[in-house]
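Chains as they are written, first to last, in numbering that gives the first Met the number 0: chain X, 0 to 420; chain D, 0 to 420.
Backbone N, C-alpha and C define an ideal beta-carbon position, used for all residues, glycine too.
Just so you know, these numbers come straight off a predicted model, no measurement behind them.
Following: one structure in structure tokens, then a few remarks.
2 protein chains.
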Amino acid sequence: MTATEVLAQADCVQFDLDDPLRAFRDQFEIPEGVIYLDGNSLGAKPRSAAACAERVIRDEWGIGLIRSWNTAGWFDLPTRLGDKLAPLIGAGAGQVVVTDSTSINLFKALASALTIAEQNQPARRVIVSERDNFPTDLYIAEGIIGFLDRGYELRLIDDPAELSNVVDSDTAVVMLSHANYRTGNLYDMSTVTAQVQERGALMIWDLAHSAGALEIDLVGSDADFAVGCTYKYLNGGPGSPAFIWVNERNLHLGQQPLSGWWGHARPFAMEPGYEAHSGIRRFLIGTQPMTSLSLVECGLDIALAADMGAVRRKSLALTDLFIDLVEQHCGEFDLKLITPRDHADRGSHVSFVHAEGYSIMKALISRGVIGDYREPGVLRFGITPLYVGYVDVWNAVDVLRDILENKAWDTAEFREREAVT
Amino acid sequence: MTATEVLAQADCVQFDLDDPLRAFRDQFEIPEGVIYLDGNSLGAKPRSAAACAERVIRDEWGIGLIRSWNTAGWFDLPTRLGDKLAPLIGAGAGQVVVTDSTSINLFKALASALTIAEQNQPARRVIVSERDNFPTDLYIAEGIIGFLDRGYELRLIDDPAELSNVVDSDTAVVMLSHANYRTGNLYDMSTVTAQVQERGALMIWDLAHSAGALEIDLVGSDADFAVGCTYKYLNGGPGSPAFIWVNERNLHLGQQPLSGWWGHARPFAMEPGYEAHSGIRRFLIGTQPMTSLSLVECGLDIALAADMGAVRRKSLALTDLFIDLVEQHCGEFDLKLITPRDHADRGSHVSFVHAEGYSIMKALISRGVIGDYREPGVLRFGITPLYVGYVDVWNAVDVLRDILENKAWDTAEFREREAVT
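Pasting the structure below:
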């Protein structure tokens with residue numbers, strides 16, 4: 000498919016009919032009249048979620064009560080879900096836990112990585128990241144640097160191409176988002192990891208905008224740590240607990256300073272001294288929110304039933320289509336594509352900058368086309384191949400064209416800023 | 000009421016009839032045939048929980064999708080619930096957030112306290128706590144000490160009475176559980192806080208085993224930091240997010256190193272540099288599990304409708320009754336009370352040590368009397384006055400007597416250890 004071939008909605012109808020992932024859409028509930036292009040911020044609700052929540056609340060909490068730690072498997076849930084998630088990110092069993100938030104997991108990963116680096120190469124005091132990395136990742140690094148107060152600094156690149164020039168013999172750790180939250184730029188995980196490690200630094204990946212959207216091979220690329228999100232492309236529910244993966248060679252090196260009861264070797268012996276569990280469980284801290292944690296399984300089960308290669312192919316086809324249609328139908332409206340055109344460099348969302356981006360997105364949402372807005376001026380459209388189709392993309396661009404053509408965004412209502420955007 | 004007055008179950012029937020909190024029991028669902036004496040580990044389920052979960056999952060997630068950050072008030076939920084919880088712990092508006100786990104919140108409180116102490120009195124390098132404090136609190140302190148690696152040490156007292164001898168000019172911070180998880184020993188918050196602060200140290204309270212069970216006055220006692228749990232006496236649901244309170248004078252001193260996006264002054268400006276929010280929101284980190292977080296409100300609404308003074312009076316009456324009945328009916332079975340008899344020194348649970356405590360508790364649970372077991376040999380019975388009655392206590396002790404008299408605990412089934420107890 001190239002740009003010139005797509006001329007009518009009818010073509011997209013046929014693409015949907017031919018789509019091998021078409022049936023997955025029925026496993027989600029998307030509200031009537033909504034084209035949901037924000038699964039990269041909060042994934043849609045699996046149909047199975049209601050029954051799962053009812054089971055946890057009515058049976059496990061209401062009837063099982065405290066007994067559910069054993070009888071409902073609460074104690075093993077973070078590791079069991081971690082093992083379930085593992086194949087989606089190219090990890091092995093016993094290497095992943097689903098727990099806490101991405102920010103907290105990044106703190107654990109970065110703290111562990113720094114304490115490993117200090118043992119081996121104590122002179123290295125630089126953490127390299129991207130200025131355009133998801134802000135919370137940079138904030139967490141700042142927090143650790145200030146708290147440790149022993150000469151660490153954060154060195155930020157402005158462009159992915161600068162990486163090879165910046166990582167040097169001062170670099171302790173490199174931490175990057177696999178797919179950039181704003182532009183959708185995708186790093187080549189194996190190449191970058193090898194480059195970083197060749198220079199003696201440790202590599203941490205944030206998979207928030209890639210896990211569940213494309214094939215990931217953490218073990219194959221031999222990264223050091225990874226964290227990620229379950230409520231975006233993995234459809235775990237609002238704010239569902241995040242995950243952390245640790246390369247087995249790093250598990251017993253360094254320190255995970257958030258050493259809470261669940262990471263202890265013998266949590267129920269109630270000993271006053273901490274001894275970390277020998278496995279990935281040492282990256283757990285305290286009691287997890289069981290209702291939200293249990294809901295993660297609904298999204299994981301759907302993702303595991305899909306072929307991640309087919310998901311990636313459809314994602315690229317849909318983002319290609321989105322870009323092509325915007326260029327065909329909205330070419331005169333000053334939308335600037337900031338997402339890479341090359342497949343190898345692109346995650347699963349498409350972003351355009353427009354001076355009136357904020358108001359345009361509000362107008363789109365009022366018409367049922369839900370993407371989101373990110374500063375500065377970025378209209379972001381996330382493609383979750385499991386529930387977004389070709390006609391959805393065609394219709395979304397058609398609404399966008401209509402809004403731009405009629406300046407429908409130019410109203411007081413759409414100009415007014417809301418608390419959260 | 001004294002021990003000699005309670006002779007028959009019929010007396011307890013009358014106490015229940017006269018109980019001003021009796022109606023609250025109807026707001027909870029307790030399984031048929033269960034006497035639930037483990038609300039200090041996981042509180043029972045409010046009847047309103049099912050409808051709350053359905054609202055969050057069906058409407059807010061399923062229909063509102065990403066829009067619910069604004070339309071369902073997700074963004075304000077941690078602070079709104081914090082303001083709601085505040086009167087239950089003697090805190091003011093804008094001083095509390097409901098977020099993360101108790102262990103993580105303790106990390107934030109202790110890290111902030113240490114960085115405050117370092118500015119004012121850099122020579123102080125001792126953290127004082129109790130050897131019998133809840134283990135995760137000690138593990139978190141160990142984690143911070145090891146990570147900072149600048150000469151901190153943990154000094155543990157073996158008896159509450161030692162405190163005044165141990166806190167000295169080396170002490171940076173004292174952190175204690177208000178009610179001890181094992182013995183139920185209750186500290187006098189005002190007296191201890193004053194004593195600690197007179198010696199120049201900062202005071203952190205863990206309210207996990209007291210919030211919701213008795214009157215607490217954080218502002219009145221002028222403590223420095225407090226953390227606590229919402230899933231015990233506050234009935235927030237399994238693993239529901241915890242809370243943190245910060246004395247306003249400490250808010251802008253020190254550093255909260257878990258600086259994630261939600262603690263930023265302008266989280267949606269997506270700036271690369273961290274600037275902490277001016278208020279309590281700086282103690283937030285990353286995205287919260289909205290389903291579990293929302294459920295906290297069901298338990299809070301019930302607690303707020305009760306008079307905490309009446310809750311405390313009933314708690315003391317029921318724990319008195321429990322102790323008296325055990326002494327009357329089980330006097331010959333080597334149960335050793337480890338909970339203080341003095342009202343001022345007692346939280347809301349009663350604990351006995353017995354060499355066969357583990358098997359006895361399993362036998363009790365098999366008969367529907369759900370308490371829990373804690374090493375070493377501790378049978379723990381939690382009293383949540385909102386749903387536990389006088390007849391419940393009478394019946395529980397009657398079952399205990401029967402199990403002890405007939406050595407019903409002495410079977411292979413009850414001797415076998417389970418993963419979680």
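- Residues of the same chain with a CB within less than 6 Å of the CB of X/V95, apart from the 5 flanking positions on each side, are G81, L84, A85, F242 and W244 in chain order.
- The C-beta of D/P77 comes no closer than 8 Å to any C-beta of chain X.
- Annotation: Cβ neighbours of X/I103 in chain D (cutoff 7 Å, chain order): I103, L257, I284 and G285.
- Residues of the region 288-319 of chain D that bring their beta carbon within less than 8 Å of a beta carbon in chain X comprise P288, M289, T290, S291, L292 and L294, in sequence order.
- Taking 3 residues as the minimum length, the beta strand (DSSP E) runs contained wholly in the region 120-159 of chain X are 125-129 and 152-156, in order along the chain.
- For D/A50, the enclosing alpha helix (DSSP H) covers residues A48 to E53.
- Contact check for D/I156 against D/A140 fails: the beta carbons are separated by 8 Å or more.
- Put simply, the backbone Cα of D/V352 is about 30 Å away from that of D/S239.
- Assignment of beta strand (DSSP E) within the region 284-340 of chain X, counting only whole runs of 3 or more residues, yields no such run.
- By the Cβ test, the region 205-212 of chain X is not in contact with the region 142-160 of chain X, since fewer than three Cβ pairs between them sit closer than 8 Å.
- Separation of X/L378 and X/R400 (C-alpha to C-alpha, rounded to the nearest whole angstrom) is 14 Å.
- Per DSSP, the continuous beta strand (DSSP E) segment holding X/D371 begins and ends at D371 to R373.
- Interface flag for D/Q254 against chain X is set, since a Cβ pair is found closer than 8 Å.
- The region 278-293 of chain X makes contact with the region 247-260 of chain X; the number of CB pairs closer than 8 Å reaches 3 or more.
- Under the DSSP assignment, D/F14 falls in the alpha helix (DSSP H) whose first and last residues are Q8 to D17.
- X/D17 has its alpha-carbon roughly 59 Å from the corresponding atom of D/T383.
- In terms of beta-carbon proximity, D/D409 stays away from the interface with chain X, with every pair separated by 8 Å or more.
- Beta-bridge pairing by DSSP links D/R379 to D/S350 and D/D371.
- D/E53 and X/S102 have their C-alpha atoms some 28 Å from each other.
- In this structure, the CA atom of D/D319 is about 13 Å from the CA atom of D/G183.
- At a cut-off of 8 Å between beta-carbon atoms, X/N69 makes contact with chain D.
- Residue pairing by DSSP puts X/V96 in a beta bridge opposite X/I243.
- Under the Cβ criterion (8 Å, minimum of three pairs), the region 33-52 of chain D counts as touching the region 360-377 of chain D.
- Residues of chain D whose Cβ lies closer than 7 Å to the Cβ of X/P134 are, in chain order, W260, M269, E270 and P271.
- The continuous stretches of alpha helix (DSSP H) do not include D/V166, and DSSP gives it neither H nor E.
- Taking a beta-carbon distance threshold of 8 Å, X/Y138 counts as an interface residue toward chain D.
- The C-beta of X/A110 comes closer than 8 Å to at least one C-beta of chain D.
- Take X/L363, set aside five residues on each side of it, and the residues of its chain with a beta-carbon closer than 7 Å to its own are G370, V398, L399 and I402, in chain order.
- Residues of chain X whose Cβ lies closer than 7 Å to the Cβ of D/D371 are, in chain order, I65.
- From the beta-carbon of X/P19, no residue of chain D is found nearer than 9 Å; the closest lies around 26 Å away.
- Near chain D, meaning a CB-to-CB distance below 8 Å, the residues of the region 343-368 of chain X are I364.
- Assigned with DSSP and collapsed to three states, X/A225 falls in strand.
- For X/S40, the neighbours in chain D by C-beta distance under 7 Å run, in chain order, I65.
- Look at X/A395: its C-beta is not under 8 Å from any C-beta on chain D.
- Setting aside the 5 residues that flank it on each side, D/G38 is surrounded in the same chain by K231, Y232, N234, G381, I382, T383, Y386 and V387, each with a C-beta closer than 8 Å to its C-beta; the list follows chain order.
- Two segments are said to touch when three or more pairs of C-beta atoms, one from each, lie closer than 8 Å; by this definition the region 210-229 of chain X touches the region 171-189 of chain X.
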